[in-house]
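Sequences listed follow chains H and P, in order. The UniProt record's numbering numbers the first residue of the first sequence as 1 and each following residue consecutively. The UniProt record's numbering numbers the first residue of the second sequence as 1 and each following residue consecutively.
2 protein chains.
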Amino acid sequence: MTTTEALRELLPEGRVFDDPDVLAAHSRDRATFCPAGTPAALVRARSTEDVSAVLRWANEHGVAVVPQGARSGLSGAGNALDGCVLLSLEKMDAIIGIDPEEQVAVVQPGVINGALAAAVAERGLFYPPDPGSRSISTIGGNVSTNAGGMCCVKYGVTGDFVRGLEVVLADGRVMRTGRRTAKGVAGYDLTRLMVGAEGTLGVVTEVTLSLRPASAQPLTAVAFFPELADSARTVSGFLAEGHRPSVLEFMDASSVKAVQQIADLGFPEGMAAMLLVQSDLGDAAPAELAAFEKVATAMGAAEVVVSDSVAEGEMLMQARRLVGDAHEKLGKALLIDDVCVPRRRLEEMVTGLKRVEAEHRVQVLCAGHAGDGNMHPVVAFDESDADETARAHQAFDAIMALGLELGGTITGEHGVGQLKRDWLGRELDEAGLSTSHAIKRALDPNDILNPGRVLPEAS
Amino acid sequence: MTTTEALRELLPEGRVFDDPDVLAAHSRDRATFCPAGTPAALVRARSTEDVSAVLRWANEHGVAVVPQGARSGLSGAGNALDGCVLLSLEKMDAIIGIDPEEQVAVVQPGVINGALAAAVAERGLFYPPDPGSRSISTIGGNVSTNAGGMCCVKYGVTGDFVRGLEVVLADGRVMRTGRRTAKGVAGYDLTRLMVGAEGTLGVVTEVTLSLRPASAQPLTAVAFFPELADSARTVSGFLAEGHRPSVLEFMDASSVKAVQQIADLGFPEGMAAMLLVQSDLGDAAPAELAAFEKVATAMGAAEVVVSDSVAEGEMLMQARRLVGDAHEKLGKALLIDDVCVPRRRLEEMVTGLKRVEAEHRVQVLCAGHAGDGNMHPVVAFDESDADETARAHQAFDAIMALGLELGGTITGEHGVGQLKRDWLGRELDEAGLSTSHAIKRALDPNDILNPGRVLPEAS
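Given below as structure tokens:
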């Protein structure tokens, strides 16, 4: 019996797909240059019972299962493996409940981040985690990568908002973790163990999220710097004064230029970097932005624009949000990195990228969540040129090496997946790696849950 | 060779103690009615190497190790086991560094919470977690229980501030978890797995903590309610309006009365409950307290006092902080509970306590972190009366059952330890329990790390 036949016996009608075109369309997330195999079947789960049935069967038969949300991930954790079952959670997309009094939402994993944010906003609430993919990515995917975004500098990452989960374990059993209450310390933190595990320890089928009261509409300022290092020093200098902006983003000259080509925002010419800051402090927002202006000017900004209009601020934010599209429009192949460094090392990070660019003779663009020290350097290269492609991969690696050297991490929010699993072996120490492997073996002894992702080969 | 002799061979001089009086003095934390065994030795570790040597030896010889901080815990996780090594981290009490620019502190586990809070305040920073024990409890203990406190309603619990750890594993290997950066998702969240594990998965030897900029000095209000239920409804009603007070505490009539007996604060007579709220919003604090006054009055408060003086506010906070001492001064034995419920169920919680009191004919006092739904009901009873003692234990159990029934947890911040391990089996489902046991076996296969704590017997 084939995998498809076996799954069709187990599951209600309309769940199992094996049309080659459908499978091919579901075989990759958005990571570039990550190998993808040929899946045996795609299951579109519609209930926890569906997920449970698939895992129980896969565990008994030693078949790999790759959980998928919107396949918007950037690390290859959603890519197919040869002969695997692709387990899509996209159709489990119900917002089960929003509780304004308790400030909690309960959702299925396939809910789109932006849809949830909009639904809670209608109730006067705020779900802060806002990955760049928010209009397409799912909460389940956000949980599985512990996704970040622009609001994290003030409000924290996805994991900070996850109170509890329903998770299907490798053998198909259903586990509830965490709590519905504001606090709780009953037993090991299985919730946080699942957050960011990229589907290698269990499949998330329900998420209980903390919400916040709505914040005030933010005001926005942008600063332009002739010198790259000055922009980095402004970030650490401003935050060290004790300010907590709701957004603090960085764009280098190449990124600003790329954005200007798809939306002319009239930004000044000849600048090396731009910072974008928002304050959602309401009446106190102008003072926070004035403090930013003061620091930026002292550090060497050539121009600082403080907007007193929410609409104009939204337009400036749009410039930042367009960076991904703008990079893609360059018509080159892209390798997107995700290093995060201590803020005071940002200066060395951004200037170091220039060295990487020169040394490996490939273009390196950079934008990122400067307030968190989380940068997304992008190596752009001509894929038809084998030598340039090789140099691009070297540059990509050099960026991670630089991040580690500066006391940082290889991934601030995109996850390890397949793309960086060997690099995880360089970031963790031997005890951390072997503990991680021990946990994986304990929870998934037959190694069916997204095998080969996150953890490097055991030594 | 005895345990003491073996350890003295392994460790530098002045580390190993076996004087029976010293051992007896270190055999218990502050949990009442938790059995404690007779330890073989006490080790006062002074370095990670000391901890590593003890665990390596204990793991080889199958000797139980009970890690201890200040022994201020309330769940018996620090109590001696027969023949165990008590491993005290109290002498590892260095603040290794405070980095104002990066807003990070690195500390050894024996640092007292209040000492750290004071040290970072001197640098213009804020370490929010403030358990009631803060003047005596250690950061290592706070991490191991994921301790809370009064500031948590706005700022979160200990775990929310832990970026990374150095942990000695059961076999003596040293592991670094987490990151120094604001964000990071490289691999499984081993940091959070250790937080709240009460020394059953590893021994924490260094902690990297996030700090915040200092907040404004808070202003304070108190409200007095003739009806218990009205105080609970005020809590959920006020928070549902979107306010984020920095403190929102509850005291019942018996607790207020007990406090008045050690410090007469001139509180009105005949009230059923008191709420205490603080706002640290600076210029916006008076408006937040006015909103509280409005809700409290609408809900039936007989008197609301809004203080415009920081000093007077500190005096009112003192009343709340004295509750523990005041309860002890009643001259009765106390069983301290720690249930946490969804905020809208607080009304049922506090009125339910009155039923428990009547049904089991023991006094039940209550104070707690109302804004988090985290209540500390205290059963006070005459220990010389066997029948009353039995009823007190029944009441203690009835309170946890009530918490679970209301959708809550058996422990909001004190931990499971020995006191509530059987109850953990009622809170977690079968899959959660077996997953927790699998993790414990994977990380501590010889079961030497605080064995028998947290997890109930495997079924």
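Built from N, CA and C at the ideal position, the CB exists for glycine as well. On a predicted model such as this, the values are computed, not experimentally measured, just so you know.
CB contact below 9 angstroms: residue i versus chain P
i, result
"H/VAL259", "no"
"H/MET146", "According to the sequence as given, residue 146 of chain H is Asn; it is not Met. At least one chain P Cβ lies under 9 angstroms of H/ASN146."
"residue 466 of chain H", "There is simply no residue 466 of chain H to check, as chain H begins at 1 and stops at 459 in what is shown."
"H/CYS152", "yes"
"H/THR138", "no"
"H/GLN103", "yes"
"H/GLU241", "yes"
"H/ASP372", "yes"
"H/THR220", "no"
"H/MET175", "yes"
6 angstroms CB neighbourhood of residue i in its chain, flanking five on each side removed
i, result
"P/ILE136", "ALA70 and SER72"
"H/ARG320", "GLU249 and LEU276"
"P/GLU166", "ARG176, THR205 and GLU206"
"H/LYS154", "ARG244 and SER246"
"P/ASP230", "MET299 and GLY300"
Within-9 angstroms CB hit, residue i to chain H
i, result
"P/PRO286", "no"
"P/ASP429", "yes"
"P/TYR188", "yes"
"P/GLY159", "yes"
"P/SER236", "yes"
"P/LYS294", "no"
"P/LEU449", "no"
"P/GLY124", "yes"
"P/ASP422", "no"
"P/THR411", "yes"
"P/ARG441", "yes"
"P/VAL416", "yes"
"P/VAL350", "no"
"P/ASP397", "no"
"P/THR435", "yes"
"P/LEU201", "yes"
Status (buried if at least 16 other CB within 10 Å, exposed otherwise) for residue i
i, result
"P/LYS329", "exposed"
"H/ASP252", "buried"
"P/GLN318", "exposed"
"P/GLN217", "exposed"
"H/SER384", "exposed"
"P/SER133", "buried"
"H/SER309", "exposed"
"H/MET349", "buried"
"P/GLN261", "exposed"
"H/LEU116", "buried"
"residue 464 of chain H", "Past the boundaries of the shown model lies residue 464 of chain H; chain H is included only from 1 to 459, so the question cannot be answered."
"H/PRO35", "exposed"
"H/HIS61", "exposed"
Residues near residue i in its chain [Cβ-Cβ closer than 7 angstroms; skip 5 each side]
i, result
"P/MET150", "ASP130, VAL247, GLU249 and HIS369"
"P/ALA423", "Checking the displayed sequence, the identity of residue 423 of chain P turns out to be Trp instead of Ala. Within the same chain, P/TRP423 has close Cβ partners MET400 and ILE410."
"P/THR3", "ALA40, ALA41, VAL63 and VAL85"
"P/GLY237", "VAL295 and MET299"
"H/GLN394", "HIS360"
"P/VAL16", "THR4, LEU7, ARG8, ALA41 and VAL43"
Presumed contact (8 angstroms Cβ cut-off) between residue i and residue j, rounded CB distance
i, j, result
"H/VAL51", "H/ALA45", "5 angstroms"
"P/PRO67", "P/ASN450", "6 angstroms"
"P/LEU89", "P/GLY110", "5 angstroms"
"H/VAL65", "H/LEU55", "6 angstroms"
"P/LEU419", "P/ALA31", "5 angstroms"
"P/PRO213", "H/GLY373", "That belief does not hold up - the Cβ atoms of P/PRO213 and H/GLY373 are roughly 17 angstroms apart, past 8 angstroms."
Own chain residues within Cβ distance below 8 angstroms of residue i, not counting five before or after
i, result
"P/PHE396", "LEU335, ASP337 and VAL379"
"H/PHE224", "PHE267, PRO268, MET271, ALA273, MET274, ALA301, ALA302, GLU303 and VAL304"
"P/ARG361", "GLU388 and ARG391"
"P/ALA37", "The sequence given here places Gly at residue 37 of chain P; Ala does not occur at that position. Excluding sequence neighbours, P/GLY37 sits near SER27, ASN79, ALA80, LEU81, ASP82, GLY83 and CYS84."
"P/ALA291", "PHE238, GLU241 and HIS243"
Bridge partner(s) assigned by DSSP for residue i
i, result
"P/ARG212", "P/PHE126"
"P/ALA53", "Paired residues: none, contrary to the question."
"H/THR138", "H/ILE112"
"P/LEU433", "Per DSSP, none; premise fails for P/LEU433."
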